[in-house]
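Following this note's numbering, the numbering of the first sequence begins with 1 at its first residue and continues without gaps. From the three backbone atoms N, C-alpha and C, an ideal C-beta is built for every residue, glycine too. Since we're looking at a predicted model, the values are computed, not measured. Right, one structure below, let's go through it.
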Amino acid sequence: MTTLSLRAYTSQATVHDHEQHQLVLPIRGHLDIQVGSHQGTVVTGECVIIRPGESHLFHAKDAARFIVADLDSLPDNLAASQRVVFSISTLLMNYLLFLEAQLQGEVDRNIDQLSIALFLGLLEKQTCDHRVDRRLLRVLDTMKAQLDQPHDVASLARLAHLSPTQFHKVFRDSLGISVKQYLTARRMERARAQLIHTDLSVQQVAEAVGYQNLSAFSRRFSCYFGQSPREMTRQYSSLTPATD
DNA sequence: ATGCCTGGACCATTCCTCAA
DNA sequence: TTGAGGAATGGTCCAGGCAT
C-alpha cells in the first residue's frame, strides 16, 4: 500500500520511526534531518530515504513544504542504494509541484490512484547513486531555465562561487559529464520534446534551445540522437493519430 | 520554383584536462 | 591557481535533397 501526503512541519519533531518505508521530498525550503546516524540538511530537488524501523526526526523552517510518501516496499533502484539522500530528476521535481496542488484539491480516488502510479513510475526512473553538489544547484537551474541563452563557464563558475578550474572538477565529479556536455544534453532533450510535441519548425526549435545557426543545430542533433530533427519529427508524427 | 532541411568543409572560439 | 595544448563546439558558407 502506498500513500502520499503533503506535510508542512514548522517545529522540531520528536524522534520516531515507522513500519513502512518513507520518502521525504522537499518542494520548498529546506529541512534539517537526522536519519539513523546520518545528519544534515536536505533541500528542494533532493529525496530522503527512511527505512522501516529507522529512527529519524526533521526540523523545517516556517515556509518549508515537502511531500511525504509512505511505501510498503521501495522500487528496486532505491532498495539497492545505500544512500540516505539523493538528487531527484527535474521531471520528478516538476511532478511534485503538480502533486502539491493536486493533493490540496478535491479528493478523487481515481485521480489519486493515477497520481500515485505516476509518482512510482517516476521514482523507478531515478538514479539514486549520486547527490548533486549544492553549489551547482543554482547553476543547473539557470542553465535549464535559459537554454536559449549562451552560457560561458566563467559566469557559471561565479554563480557557484568557484574558480573555473574548481567548477569543472566539481561539475564532473557531481554529474559525471562536463558542463558543455550537460548543456548540450539538456538542449537536445528539450529540442526533441519540442519537435515531437509541438508544431514548431526545426528552425524555431533550434532558436528555442540556443542555436542561432540551423546547420549547427541539425548537425549536433544528428550526432546526439543518430537521426536528423526532421526524421525524428516524422517518426513520431507517424505514430500519432491525426486529430482532424 | 521555392522553402525547408541536411551535412560537409573550414575556421575561430571555448572548453577541459593536466602538469607545474 | 595558472597556463598550455588538444578536443569539442558553434558559426559560416555552400551544395544538394525533398516536399509542395
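Among the options, the one whose alpha carbon lies nearest that of residue i
i	options	result
Y182	H168, A193 and S55	H168
Q149	G121, T184 and R172	T184
P75	L103, T90, H21 and F98	H21
P164	A154, T41, R234 and V170	A154
Cβ-Cβ distance between residue i and residue j below 9 Å
i	j	result
V209	T198	no
V24	F66	yes
N77	L123	yes
I27	L96	yes
S218	P229	yes
V170	R135	yes
E19	G53	yes
L120	T2	yes
M232	L200	no
I88	G29	no
L31	A64	yes
Contact test: residue i Cβ vs the ligand ADP heavy atom, cutoff 8 Å
i	result
H151	The ligand ADP is not part of the structure shown, which contains no ligands of any sort.
Residue i - DSSP class collapsed to helix/strand/coil
i	result
P26	strand
I177	coil
E46	strand
H21	strand
Q194	helix
R220	helix
Q166	helix
A242	Bear in mind that the predicted position of A242 carries a pLDDT of just 49, short of 50, making it too unreliable to give a figure here.
V202	helix
Q235	helix
Three CB pairs or more closer than 8 Å across the region 110-124 and the region 140-147 = Here the region 110-124 makes no contact with the region 140-147; the two share fewer than three CB pairs at distances below 8 Å.
Length-filtered (3 minimum) beta strand (DSSP E) runs lying within the region 69-152 = The region 69-152 contains these whole beta strand (DSSP E) runs: 85-87.
If you pair each beta-carbon of the region 51-58 with each one of the region 100-107, do three or more pairs fall below 8 Å?
-> Taking 8 Å as the limit for Cβ pairs, the verdict is that the region 100-107 does not touch the region 51-58.
Would you check if the region 82-99 and the region 40-56 touch, i.e. whether three or more CB-CB distances between them fall below 8 Å?
-> Touching, per the Cβ criterion.
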